[in-house]
Structures are given as structure tokens and as C-alpha cells.
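For reference, the structure discussed in these notes is given below.
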Amino acid sequence: MRVKLTVNGTQHALDVEPRTTLLDCLRDNLDLKGAHAGCEHGVCGACTVLFDGVAVRSCLMFAPQAEGTPITTIEGVTPGPGELSPVQDAFCETHGMQCGYCTPAMILVAHALLADNPNPTREDIVEAISGNLCRCTGYAQIVEAIALAAERMRGTNRPSERRK
Amino acid sequence: MSAGHHRFVSTDRRVREDRRFVAGKGRFVADIDLPNVKHVALVTCPHAAARIKNVDKRAASKMPGVHYVLEGAELAAATLPLMTGLDTPHVPRRPLAFEVARYSGEWVAAVVADTRAQAEDAAEEIVVDYEPLPFVLDAEQALEKGSVLVHEAHGSNVLLDKTFVWGDVEKDFAASPRRLSLRVKWGRSSTVPIETFGVIVTWDPWREMLDVYASIQMPRFADQIGAALKIPNTSVRVHYDVDVGGSYGVKRGIKHTVLCGYLSRRLGFPVRLIEDRLENMRGGDAHGPERLFDVEVAFDDSGIVRSMKMRALENLGAYAGRSPFQLGKPVTAIVGPYKIKSVQYRAIAVVTNKTTQDAVRGFGQGPTNLALERCMDEIANALGLDPLEVRRRNLIRHEEFPYLIPSGTTYDSGDYHTVIDKVLADTNYESLKAERDRLRGEGKLAGIGIAACLEPSGGNATFEALLNPKITTSTFMDSCRINVDGAGAITATMHTTSSGQGHETLVGTVIGEVLQIDPDSVRVARPDSLNSLPSGTPVGSRMAIMLGGAAFHAAEKLKAKLTAIGAHDLGIPIERAVYEHGSIHDRQSPSSKRSWDELVHIAHRNYHRMPQGFEPGLAVEHVYQVPTGGTLPTPDGRVHMYPCFAFEFHLLLLSIDPDLGRPEILRYRLGHDCGTQINPKIVRGMTIGGIAHGIGAALYEEFSYNDEGQLIAQSFMDYLLPSSHEVPPVEIIDHETPSPHTVFGQKGSGESGYLGAPAAVANAVNDAIRPLGISVNALPIRVSALGDLIAKAQAKGR
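Residue numbers (the working numbering), protein chains in the order written: chain V, 1 to 164; chain H, 1 to 798.
Printed below as a string of C-alpha cells:
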């Protein structure tokens with residue numbers, strides 16, 4: 001079937017099977033490989049994308065269900081080739097990852113959190129990432145990365161990244 | 001090189017791999033698109049054991065997009081069984097079951113189709129006629145005479161039963177006034193990376209080349225593929241520039257790879273198998289140890305342990321690759337950090353009708369540490385002593401290193417008492433006990449957990465020869481090649497995949513340190529297996545030691561060559577030439593020098609200016625043998641294994657809701673000594689990650705089976721990985737006792753945290769419930785079981 005998706009600000013018209021998940025569609029049809037399949041039953045969160053700014057699991061949604069709603073993937077928050085967003089840079093600063101498999105999803109969750117809450121407590125951060133599993137880090141350096149990103153973004157006094 | 005004088009080593013530098021991962025630009029196996037690739041889905045056995053009478057593939061073969069359905073008989077006829085560690089020829093392991101399937105979830109047939117969805121649809125249409133067979137799930141039952149046999153031709157379920165006696169155990173037992181015995185169980189869990197295993201294989205008949213892209217962490221992977229497919233190793237090309245999404249030991253999909261290799265050769269197009277989570281947990285052969293310990297310790301009235309008898313019974317599951325060796329590695333630290341004079345160790349491994357195991361973080365050391373540390377607490381309890389004091393009395397003292405343990409390994413270095421003192425300086429032990437008692441006063445159950453453990457590191461795996469005398473391997477190596485090109489740019493190569501350990505950063509840092517140049521200027525590349533030097537892969541907490549050692553020595557060779565070229569061109573004796581930041585100058589006349597660019601120019605363009613007999617160019621390589629390695633076991637079963645031993649001291653406070661049985665970790669402190677840390681960010685991450693993994697093994701994670709032999713933890717809804725809510729903040733107190741055997745004094749840290757956290761958590765739970773007169777010695781300690789146990793004890797108390 002024909003599906004129209006708006007991903008990272010660009011409209012795409014695609015032919016997909018109705019049963020195609022949004023995750024498979026992003027990866028296979030649009031070559032956006034930053035969303036990862038971890039469990040494909042909605043627990044691990046490695047497939048997270050932003051759906052109108054809200055972190056959702058792209059493995060639990062069919063591509064046709066995403067019509068009409070702007071989708072942001074990790075590729076969409078990366079400012080440009082070789083350039084990092086403040087959140088991405090903070091993850092590098094604290095080494096908030098090891099294997100990198102859950103990382104794009106963690107960063108998208110962080111973007112969503114900081115858009116809503118520029119001054120999160122540790123508990124807020126822990127709660128925000130609690131739906132995303134990381135097997136490498138034990139989460140400490142991820143929590144530190146998000147706290148650091150929040151601090152730096154507050155310092156730059158830039159407007160909220162929240163999608164209006 | 002002594003510790004403390006480094007420019008880059010041990011400094012707080014970023015990890016170069018991180019940039020690609022934060023942008024979603026890692027190159028994981030599922031991200032690799034090969035033209036015309038076809039997809040594999042699997043048909044699995046629904047019974048714990050069954051004879052395969054017929055596979056009806058007619059309907060499936062006619063389904064849209066389907067290219068082929070492969071049965072076990074065809075595969076078995078065309079390939080050799082997979083490599084095993086023990087000498088057990090009648091326990092063959094194959095990618096697809098042949099005649100008999102031996103666990104629920106075992107692969108019976110494979111479907112190849114244009115898309116994964118089509119392959120799954122067709123797999124559902126395959127009708128297999130099974131004759132269910134009797135089965136055995138429990139290791140002790142499998143051990144009994146008359147048990148159902150998992151492999152009839154083997155004649156029993158026992159693959160390994162060896163007893164070692166190191167020292168005069170009976171005499172030490174007789175001389176000890178006190179004894180204590182304990183049964184401890186380590187539940188069947190694993191590392192369960194967030195990326196499942198995946199592989200893409202393509203065969204080129206004109207070049208006779210099998211290209212393999214895989215999410216792999218496995219020694220001798222290419223050799224094993226070649227052997228099973230009966231093609232030369234030179235026809236197998238494993239691509240190491242694939243990012244692996246977590247492994248911690250288990251990413252060893254040899255059966256997946258041989259299956260896909262056969263299919264690609266048979267069908268003439270690329271074939272891809274990316275496990276889904278169910279395949280990963282059930283038929284992916286990636287379970288970890290399930291081990292029952294019976295331990296007896298002999299000690300005196302002051303708590304000094306003189307001798308230990310340990311029996312370890314491992315439930316391997318249906319087949320064995322290297323997994324039985326996980327009973328062998330702990331021999332290298334069988335007494336932990338303690339001065340136990342003699343040990344009797346009986347290691348038994350049996351097959352059962354459960355999923356096959358593979359290597360898990362620590363390779364058996366975590367379970368052994370649990371058994372030891374539970375004993376230390378129970379000794380303290382029996383004597384009415386503080387468990388920390390009992391440990392202090394038994395720990396090897398700093399001045400006693402190097403320390404030879406009864407089983408033949410010599411520990412390199414350590415300062416265990418100081419590490420503990422540093423932790424206690426940070427967290428007052430008496431205040432912690434007071435806090436526990438205050439919680440108890442509020443009606444809660446609260447306990448302090450302690451564990452003092454070793455992390456053997458460096459990966460000298462002579463346990464292979466110890467458990468299988470037909471193996472005579474004493475060589476364990478890793479390699480690095482450095483080339484300086486004609487423009488003066490440096491490329492170093494490493495020869496294996498990585499799964500999050502930051503090896504590119506390691507190599508860059510070490511070479512930068514030796515050559516006194518910016519580590520980020522060193523490109524680190526990963527050639528494929530045909531272009532690689534030997535690597536033992538990242539197992540056994542070895543890469544900081546082994547790849548770091550190889551890179552160090554390669555860089556030293558390069559430095560020596562640059563020095564010789566510079567000295568020759570300056571016309572001075574080599575002793576007078578000083579290497580500094582890439583240039584060479586005359587010690588007696590510092591302005592007389594040759595810059596990096598000049599030295600490169602001479603090496604690449606001016607052969608007439610080279611010292612006589614030198615090779616042109618600036619290419620060096622080093623193959624590094626494991627420090628202290630090179631010996632085989634003695635006839636009486638003693639062997640020196642790992643070169644380095646890192647120490648970790650866990651101290652935590654835990655409370656348990658007495659109504660729900662729900663444990664909560666309130667404080668967690670770790671004293672950690674892994675010698676010189678090459679990259680502190682990496683070490684800290686691995687250590688806290690290891691603790692999180694250990695908390696999972698202690699409280700949440702288990703591949704549990706029902707009485708019918710069905711795996712009932714088949715998804716992340718049932719197999720519970722700790723989330724950010726379950727992992728408490730962990731404070732690490734570092735100490736640095738350099739190893740005398742390594743280039744910077746570094747030890748391993750890839751298994752840190754995990755090797756002690758389960759023991760510390762189990763000890764805390766037991767401290768909490770001891771006032772109720774109960775104990776728990778089987779992991780995982782589930783909330784439901786703990787709640788029931790507490791309720792029962794409380795009812796009895798009333």
C-alpha cells in the first residue's frame with residue numbers, strides 16, 4: 001500500500017506491505033539505520049524514534065499508522081556530517097555508551113526529555129530512560145550525559161528544541 | 001615504563017568510537033545491505049526431545065518468495081559437526097537437528113525467502129512429524145545411573161568428571177577444629193546483549209571465497225567455519241569492521257554462520273540470518289552457566305580457612321562447544337583472594353535437554369566467586385565474627401606477592417587490605433551497620449553485603465589442556481601492525497571485532513603514548529581475517545593487556561627504527577640519538593636533529609640514506625604472547641594460567657520490603673584495583689555495567705523451564721534485564737597496584753563488577769533475612785520466592 005511519511009522534515013511516498021512496522025520501514029525503505037531492532041516486542045526501546053516529539057517504539061507501530069505525524073530519528077537530530085548535537089556531544093564526553101546499540105534511542109529519549117524539562121533531576125532522568133535497556137553501562141554514564149547536556153543547554157540560553 | 005608518568009595513558013580522554021555511535025552510524029551487521037540477499041527463518045522443535053520422523057515441506061516450498069527449505073539430514077551429509085572443546089566425538093553438535101532434536105527450540109529446518117516475513121510465513125507451513133522422546137532437565141537427575149540419555153551413543157550424560165587435589169586436603173581438614181558445608185546454586189542466565197546475533201554470508205564460486213559479516217566475538221571463528229564447511233581457511237574471509245552490539249562472551253553464532261555458509265554455497269546468493277529475540281533466547285545457543293556447588297570448608301576458631309572441598313556440577317544443556325571449559329577457568333583463582341592452603345575440586349559437566357550454553361562474562365568465575373563468598377559469610381556467622389573481619393584475616397597480604405596458589409597459578413600483585421581500607425575511609429562501616437540496624441528498627445529487613453573477588457585477566461586459557469589432555473595449546477597471542485605511509489600518516493591495525501570495549505581508542509592511546517604523538521592522529525583499522533595477524537579476540541579480560549601489549553611493542557619497534565635512521569643520517573652512534581615527539585636529535589647537540597617528515601622521507605624515498613641492511617619504509621608488526629604463559633599443566637593437575645589478577649571489593653546496603661519480598665539496594669560502594677587504567681572512562685563504564693549485570697543475575701534473570709522442558713522465559717517480559725530503576729548509583733573507589741607483567745602495569749577490567757556483584761547481593765539478602773532464621777543460596781533470588789520465604793518464616797515466628 002501507498003504510505004506518506006514525514007521523516008526528519010522530509011516527505012516520502014512509499015509502497016509498503018500493510019504489516020510493515022515503522023522500524024522496518026525506516027531501516028529498509030528509507031535507509032535510516034540508526035533505529036535498531038532489539039526485541040521487537042516493545043520492551044528494550046532500541047527502536048525508539050520521536051513521534052511528534054514524543055519518544056515511541058517504532059517496532060510496535062505499523063508504518064501506515066505513522067502517516068500525518070512528523071517523525072524524528074537519530075539522523076534528524078544530528079546537525080550535519082561530523083557535527084554533534086549538545087546531547088550527542090555530552091554522551092561522548094561522559095562515555096555514555098559502550099557498544100553503541102542502544103545509544104541512538106537513549107539520545108532521542110534525552111532530546112524528548114530536555115525539550116519538556118530543561119532542568120531535570122537525577123530521578124527525572126532515570127525515569128525517562130527507564131523504558132530503554134542498556135546492557136553495557138549500568139546507566140550511570142548515560143544519566144551523567146543527560147545531566148551534562150541539560151546543564152550545557154541551559155547555559156547557552158537557546159530556545160527550547162520542542163516541536164511547536 | 002612506570003605508572004604515573006604518562007601523557008595519554010590513564011588520562012580522562014574521550015573514546016573515539018563514540019562519535020559514530022551517537023550519530024546512529026555504527027555499522028552493525030543488520031545495517032549491511034548486500035545486493036540480492038535472501039533471508040532465513042527457522043523451524044524449531046516444540047518438544048524437549050523428539051525423533052524427527054518426517055519434514056513435509058511441500059506447502060512451504062510453494063509459498064511466495066520461498067527459495068529453499070533445508071533439513072538437518074542434507075546439512076549433516078554436507079558438513080562436519082561443529083568444533084567442541086572436550087574430546088566427545090559421540091556428542092556431535094550441528095546447526096540443524098539430525099534425526100533427533102534434543103531441546104525445545106532446537107532448529108530443525110531453515111527456510112530461505114526473499115524477505116524475512118516471507119521466510120517466517122513459510123516456516124509456519126512446514127509440517128514436522130515428531131515422535132516425542134523422554135527427556136531430562138535436572139543436572140543431578142542426568143547424573144544418576146539409569147537416567148534418560150541425551151546422546152545415546154555417548155553412553156552417559158557426563159561429558160566431564162575430573163577431580164583435582166592440590167595440597168594435603170585431608171590433613172588440613174583433620175587439623176581444623178571447624179567445618180561448614182554449603183550448597184549454592186547459580187541459576188541459568190546469560191549476557192543477553194540488546195543486539196541479537198546476526199550473520200550475512202556470501203559465496204563467490206569464481207574466487208572460491210566465503211565472505212562473512214557477523215556480530216561475532218569468538219576465537220578461531222574463521223577456522224571453525226572452514227572446518228565445518230570443509231573448505232580451506234583461505235576461502236573464508238571474516239570482516240572485522242562490523243560493530244558488535246554487545247556480547248560479553250556469548251556472541252558465538254558458529255552454527256548460524258555454518259548454516260548460512262552452506263545455504264549461500266548451495267543457492268548461489270547472499271544469505272542473511274538475524275535472530276529475533278525469541279530465536280536468540282531459545283535456539284541461539286547463548287545461555288550461560290547453570291551450576292550447583294557443594295562446598296565444604298575447614299577453618300579454625302579465628303575464622304582462618306585452611307582447606308576447601310568444592311564440587312561443581314554444571315548443567316550444560318543439550319550440546320557442548322567450549323562451554324564445559326567454564327568449569328576450568330576458575331581453577332586459576334580457585335581460592336579467590338584468600339590464603340587457602342589446599343583444595344579439592346571436582347568438576348562435573350552433564351548434558352540435559354535444555355538450550356546449549358556458550359561463554360559468559362567471567363567464563364565461570366562469577367559462579368565460583370559466589371560459592372566462595374557465601375562460605376566466607378557463613379563462616380563469620382558460625383563463629384559470631386564480623387564477615388569483613390573474617391575476610392581481612394584470610395586475605396593475601398600485599399607483601400606476600402607474587403603469591404602461588406595451590407592449583408599452580410601465581411598471582412601477580414595486589415594490595416587487598418588497602419583497597420578495603422580506602423572503601424571504609426569513604427564509607428564508615430560502623431555507620432553503615434548503624435543504618436542497617438535503624439532500618440531494622442523501623443520494621444524493615446535490611447542487610448549489608450560484602451564480596452571480595454578476583455578478576456583473572458589476560459586470557460591464558462590453559463584450562464583447555466587441563467580438562468582435555470589432547471589439547472596442547474600454550475600459545476595465546478594478539479597482534480598489532482603499524483605502517484607509516486609516505487606522507488607520514490600512521491595507520492595501526494587490530495585483528496578482531498569489538499563489542500563496546502573501545503579497542504580503537506586503546507590502540508591509539510598506547511601508540512600515542514609510546515611515540516609521544518597525538519593518539520587521535522593514529523588511524524586504527526580492522527582488516528579482514530585474510531589480512532590479519534593472529535588475535536585471540538576479546539575474551540578473558542585480555543585486550544588491555546594483550547592488544548595493548550602488542551601495540552606497545554610494535555610502537556617501540558617503530559621508534560627503534562626511526563632512531564636508527566635518524567642516528568645514521570646524523571652520523572652519530574645510536575646511543576647518542578634521542579627520540580622526542582617523533583623527531584631524533586643528538587644528545588650532545590640538540591639542534592642537530594631530523595624531523596618526523598625527514599625521517600619518513602628517508603625511509604620512503606632515500607634508500608641511499610638508510611642504515612645498511614634495513615628494510616625500506618616504516619612498517620612494523622608485533623605478535624605478543626601472553627605474559628607468564630607458555631607452560632602446560634603438570635601431571636598432577638597444576639597449571640599457571642592467567643597473568644594478572646584484578647581485585648574488587650563490594651560493599652552494599654540493601655533493604656527488603658517484608659510484605660512484598662522486594663529488595664532495594666540503598667548504597668553500593670566498590671573498591672576496584674585493576675592496575676593502571678589505560679582509559680578511566682572505559683574502565684568505569686565496564687565496571688558499573690558489570691555490577692548491573694551482576695544485580696540481574698542475583699535478583700532477576702533466569703532462563704527458567706517448566707516441567708515439560710519448555711523454556712518459559714522467552715522474551716524481555718519474562719527474562720528481566722535491570723533497567724535504570726534497578727541499578728543504584730555506584731560509587732567506585734579506585735586503587736592502583738600495577739601488574740609487573742604488563743607494559744603499563746594494566747590488568748583487565750572487562751568482567752569487573754559482574755564477578756562480585758551477585759555474591760555481594762546474595763550476602764546482603766542473607767544478612768537481611770538471617771534474623772528470621774532463614775537463608776537463600778540459589779540465584780536468582782526472585783521477589784516472589786523471597787516474599788513467600790519471609791512470610792513463611794514470619795508465620796512460624798508468630
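No residue lacks a Cβ here, since even glycine has one placed at the ideal position from N, Cα and C.
For residue i and chain H, any beta-carbon pair shorter than 8 Å?
i, result
"Phe-91(V)", "yes"
"Arg-162(V)", "Residue placement at Arg-162(V) cannot be trusted, given a pLDDT of 48 that sits under 50; the coordinates are not used to answer."
"Pro-64(V)", "no"
"Thr-78(V)", "yes"
Would you give the residue range spanned by the alpha helix (DSSP H) that residue i belongs to?
i, result
"Val-510(H)", "503-515"
"His-417(H)", "416-426"
"Gln-141(V)", "140-156"
Name the chain V residues that come within less than 9 Å of residue i, Cβ to Cβ?
i, result
"Arg-19(H)", "Gly-82, Leu-84, Gln-88, Cys-92"
"Ala-30(H)", "Arg-27, Lys-33, His-36, Ala-37"
"Ile-688(H)", "Thr-137, Gly-138, Tyr-139, Ala-140, Gln-141"
"Pro-729(H)", "Arg-122, Ala-140, Val-143"
"Asp-243(H)", "Cys-99, Gly-100, Tyr-101"
Apart from the five residues on each side of it in sequence, which residues of its chain come closer than 8 Å, Cβ to Cβ, to residue i?
i, result
"Pro-729(H)", "Tyr-668"
"Arg-93(H)", "Pro-81, Leu-82, Thr-84, Lys-255, Tyr-319, Ala-320, Gly-321, Thr-356"
Give the interface partners of residue i over in chain V, defined as CB-CB distance under 8 Å, in chain order.
i, result
"Val-15(H)", "Cys-92, His-95"
"Gly-246(H)", "Gln-98, Cys-99, Tyr-101, Arg-135, Cys-136"
Is there a Cβ from chain V that is less than 8 Å from the Cβ of residue i?
i, result
"Lys-185(H)", "no"
"Ala-791(H)", "no"
"Ile-803(H)", "Outside the displayed span of chain H (1 to 798) sits residue 803(H), for which this structure offers no information."
"Ser-181(H)", "no"
"Ile-691(H)", "yes"
"Gly-288(H)", "no"
"Ser-541(H)", "no"
"Leu-651(H)", "no"
"Leu-721(H)", "yes"
"Ser-724(H)", "yes"
"Gly-508(H)", "no"
"Gly-284(H)", "no"
"Gly-685(H)", "yes"
In its own chain, which residues sit with a C-beta less than 6 Å from the C-beta of residue i, not counting the 5 before and 5 after it?
i, result
"Thr-427(H)", "Arg-669"
"Ala-142(H)", "Val-136, Asn-157, Val-350, Thr-352"
"Ile-340(H)", "Val-305, Met-308"
"Gly-167(H)", "Lys-341, Ser-342, Pro-406"
"Val-295(H)", "Leu-182, Met-310, Ala-371, Cys-375"
"Thr-368(H)", "Pro-330"
"Val-165(H)", "Gln-344"
So the beta strand (DSSP E) residue i belongs to, where does it begin and stop?
i, result
"His-553(H)", "Taken as a continuous stretch (DSSP letters only), His-553(H) belongs to no beta strand (DSSP E), being part of the alpha helix (DSSP H) at 543-570."
"Trp-812(H)", "Residue 812(H) cannot be examined here, being either before or after the span of chain H that is shown, 1 to 798."
Can you list the residues of chain H that residue i reaches, using a CB-CB cut of under 8 Å?
i, result
"His-41(V)", "Arg-277, Ser-715, Phe-716, Met-717"
"Ile-107(V)", "Val-22"
"Leu-133(V)", "Ile-194, Phe-716, Leu-721, Ser-723"
"Val-54(V)", "Residues of chain H passing the Cβ test: none, with the nearest at roughly 19 Å."
Mind pulling the chain H residues with CB within less than 7 Å of residue i?
i, result
"Ala-46(V)", "Ile-194"
"Glu-75(V)", "Gly-24"
"Pro-104(V)", "Gly-24"
"Val-126(V)", "Ser-724, His-725"
Applying the criterion that 16 or more other CB atoms from any shown protein chain within 10 Å of the CB defines a buried residue, is residue i buried or exposed?
i, result
"Arg-162(V)", "Unreliable positioning characterises Arg-162(V) in this predicted model, as indicated by a pLDDT of 48, which lies under 50. A coordinate reading is not provided."
"Arg-7(H)", "exposed"
"Ile-574(H)", "exposed"
"Pro-643(H)", "buried"
"Glu-702(H)", "buried"
Looking only at its own chain, which residues have a Cβ that is under 7 Å from the Cβ of residue i, when we skip the five neighbours before and after it?
i, result
"Glu-708(H)", "Ala-48"
"Arg-378(H)", "Here residue 378(H) is Glu; the residue named in the question, Arg, does not match the sequence. Excluding residues within five positions, the ones whose Cβ falls inside 7 Å are Leu-180, Leu-182."
"Pro-289(H)", "Trp-186, Glu-314, Gln-326, Gln-357, Val-360, Gly-364, Pro-367"
At 9 Å on the CB atoms, spell out the chain H contacts of residue i, in chain order.
i, result
"Cys-59(V)", "Result: empty, since nearest Cβ-Cβ is about 10 Å, beyond 9 Å."
"Ile-129(V)", "Ser-723, Ser-724"
Listing by chain order, which chain V residues have their CB less than 7 Å from the CB of residue i?
i, result
"Gly-499(H)", "One point to set straight first is that residue 499(H) is Ser, not Gly, in the sequence displayed. In chain order: Cys-99."
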